[in-house]
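Note that the sequence shown ends on residue 288 in our numbering; no numbers are left out.
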Amino acid sequence: MSKQLQQFLRSLVDSVRDLAPIVVVIAFFQLAVLQQPIPNLGEILVGVVLVVLGLTFFIRGLEMGLFPIGERMAYAFARKGSLFWILAFAFALGFGTTVAEPAL
185 MSKQLQQFLR SLVDSVRDLA PIVVVIAFFQ LAVLQQPIPN LGEILVGVVL
235 VVLGLTFFIR GLEMGLFPIG ERMAYAFARK GSLFWILAFA FALGFGTTVA
285 EPAL
């Protein structure tokens, strides 16, 4: 099995593990607290699978595309030693993340 496929499968398992508590809490409240059956169970299961796949692809994309660039930039800023540019970069990155987050 190729290294890329192994990493993808590891990310897939991580996504399932990360989303499982959310699914369990929602199912618990639906079944135990509200005492109602889960409506459209088939559609919901397909949706959960799509969320897991989407999260997996998103995380793998970040790991392959953005994280390496970010690491190189962080080392370059650290070598430069300018507190102003480090803080400016951190502010810009935080602002950009905040603006992008609702769409994600």
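Backbone N, C-alpha and C fix where the C-beta goes; we use that ideal spot for every residue, glycine too.
Local Cβ density within 10 Å of residue i, reported as buried at 16 or more and exposed below that
i: Ser199; result: buried
i: Val236; result: buried
Distance CB(residue i)-CB(residue j) smaller than 8 angstroms
i: Ile253; j: Ser195; result: no
i: Phe261; j: Ile270; result: yes
Nearest candidate by alpha-carbon position, reference residue i, set the options
i: Leu229; options: Val208, Gln188 and Gly249; result: Val208
i: Gln190; options: Ala216, Thr240, Glu255 and Val217; result: Thr240
i: Pro205; options: Leu277, Val232, Glu255 and Phe273; result: Val232
i: Ala258; options: Val217, Glu285 and Ala274; result: Ala274
Own chain partners of residue i with C-beta closer than 7 angstroms, once the 5 adjacent residues on each side are dropped
i: Phe251; result: none
i: Gln214; result: Gln220 and Ile222
Proximal residues to residue i (C-beta, below 8 angstroms), its chain only, five neighbours per side dropped
i: Phe192; result: Thr240 and Arg244
i: Leu203; result: Val232, Val235, Val236 and Leu239
Contact with chain C by residue i, beta-carbon distance below 8 angstroms
i: Val197; result: Any reference to chain C falls outside this structure, which holds one protein chain only.
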